[in-house]
Amino acid sequence: MRPLVQQDLNAVFAEYGTVKQVKMPTDRETGRKRGFAFVEMGNDAEEAKAIDELEGAELMGRTLKVNKARPHENRGGGNRW
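Per our numbering, the sequence shown starts with residue 1004, numbered consecutively.
Shown next as C-alpha cells:
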C-alpha cells in the first residue's frame, strides 16, 4: 500500500468544495509523516459536508477519521531548558 500524499487528500476533499490547503505534519526527528492531516475548506458549509460524508470512509485501504480541528491549548511548559 503506497503512502497517502497531499494530492490524494486534495482530490477526495475537492468533491465537497474548494480545498484551500492540505497540511500533512511530519515528525521532526525522522521526517516521516505523522499519520494525520489538516484540510482547510473554502467555507463552513463545504467543511461540514466533507466531515459528514468522509467520516469513517475508506481511502486507499485506510479508514478516515474526519473532524473539525480545535485550537491548540497552551498547557504551559514552554520554557524548556
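Just so it is clear, CB atoms sit at the ideal spot from N, CA and C, and this is done for glycine as well. Since we're looking at a predicted model, the values are computed, not measured.
- Minimum Cα-Cα distance from E1061 among the listed residues V1015, Q1009, V1008 and Q1010 corresponds to V1015.
- Taking each of R1035, N1046, D1030 and E1032 in turn and checking the Cα distance to V1022, the smallest one comes out for N1046.
- By the beta-carbon neighbour count (other beta carbons within 10 angstroms, threshold 16), V1008 is exposed.
- Within the region 1006-1033, the complete alpha helix (DSSP H) runs of at least 4 residues fall at 1009-1016.
- L1062 sits in a strand when the DSSP states are folded into three classes.
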